[in-house]
Amino acid sequence: MEPEVVQRPPWYVEPNEGESISHYFGRFRRHEAVCVSSPGTLSKAAGIGPVLARWEKFRLNPVPSQKELEAIAKLSGLDADKIVQMLPPKGEKMKLEPIRLCAACYAEKSYHRLEWQFQSTVGCDGHKLRLLSECRYCKERFSIPALWEEGECKKCHAPFRSMKKRQKVY
Ligand SMILES: [Zn+2]
Ligand SMILES: [Zn+2]
Numbered sequence: 001m002e003p004e005v006v007q008r009p010p011w012y013v014e015p016n017e018g019e020s021i022s023h024y025f026g027r028f029r030r031h032e033a034v035c036v037s038s039p040g041t042l043s044k045a046a047g048i049g050p051v052l053a054r055w056e057k058f059r060l061n062p063v064p065s066q067k068e069l070e071a072i073a074k075l076s077g078l079d080a081d082k083i084v085q086m087l088p089p090k091g092e093k094m095k096l097e098p099i100r101l102c103a104a105c106y107a108e109k110s111y112h113r114l115e116w117q118f119q120s121t122v123g124c125d126g127h128k129l130r131l132l133s134e135c136r137y138c139k140e141r142f143s144i145p146a147l148w149e150e151g152e153c154k155k156c157h158a159p160f161r162s163m164k165k166r167q168k169v170y
């Protein structure tokens with residue numbers, strides 16, 4: 001038997017391992033076949049309330065309903081459980097602010113990891129480095145990952161990857 005080929009819409013964007021929902025939907029909205037600048041428009045197109053704007057800020061209370069997940073999944077060509085993987089597991093508390101970064105991880109693959117926003121996460125286990133919660137050059141806080149288009153500080157434009165030299169060991 002032929003292996004089943006999954007048909008993806010032209011606007012399908014593959015999620016990265018451990019990518020946060022905010023970063024993923026920022027990328028998705030900027031995809032050339034989507035080009036939707038506001039998360040509200042996307043929610044509306046999916047036929048649900050303006051929940052995506054909240055999700056992109058990690059405001060997940062109330063928790064996303066199955067109906068909302070399926071509507072967004074259908075629109076984006078993802079499976080609903082792929083979206084669930086971009087959300088914190090049950091019992092894991094999220095830190096809404098500040099947005100945090102392991103610049104060493106970012107230098108390897110440029111996306112925001114969900115686990116950086118867990119309250120229980122202190123540092124990056126892979127690199128044994130503390131997470132950054134502000135720009136190491138100008139001290140500006142990081143914007144929400146949905147807006148990480150250039151991968152740089154929004155104020156002084158220092159690239160995130162360059163900040164790994166200034167991360168503290170933990
Ligand atoms: Zn790291
Ligand atoms: Zn800066």
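Mind the numbering: the sequence shown is residues 1 to 170 in UniProt numbering, read in order. We put the CB at the ideal spot given by N, CA and C, even for glycine.
Contact check, residue i vs residue j, beta carbons under 9 Å
{"i": "L129", "j": "V169", "result": "yes"}
{"i": "P98", "j": "R141", "result": "yes"}
{"i": "E152", "j": "A158", "result": "yes"}
{"i": "C135", "j": "C102", "result": "no"}
{"i": "W55", "j": "H31", "result": "no"}
{"i": "E115", "j": "G26", "result": "no"}
Any non-hydrogen atom of ligand 1 within 8 Å of residue i CB
{"i": "L129", "result": "yes"}
{"i": "G151", "result": "no"}
{"i": "C35", "result": "no"}
{"i": "A104", "result": "yes"}
{"i": "K124", "result": "In the sequence as presented, Lys is not what sits at residue 124; that position holds Cys. Flag set: Cβ of C124 near ligand 1."}
Residue(s) in a DSSP beta bridge with residue i
{"i": "V169", "result": "L129"}
{"i": "E152", "result": "P159"}
Below-9 Å beta-carbon distance, residue i vs any chain D residue
{"i": "N16", "result": "Of the chains in the structure shown, none is chain D; there is only one protein chain."}
Any non-hydrogen atom of ligand 2 closer than 8 Å to residue i Cβ
{"i": "K139", "result": "yes"}
{"i": "K165", "result": "no"}
{"i": "H157", "result": "yes"}
Problem set entry | Unbroken stretches of the alpha helix (DSSP H), 4 residues or longer, contained in the UniProt domain "TniQ" (11-131) | 21-30, 39-45, 51-55, 66-76, 80-84, 103-108
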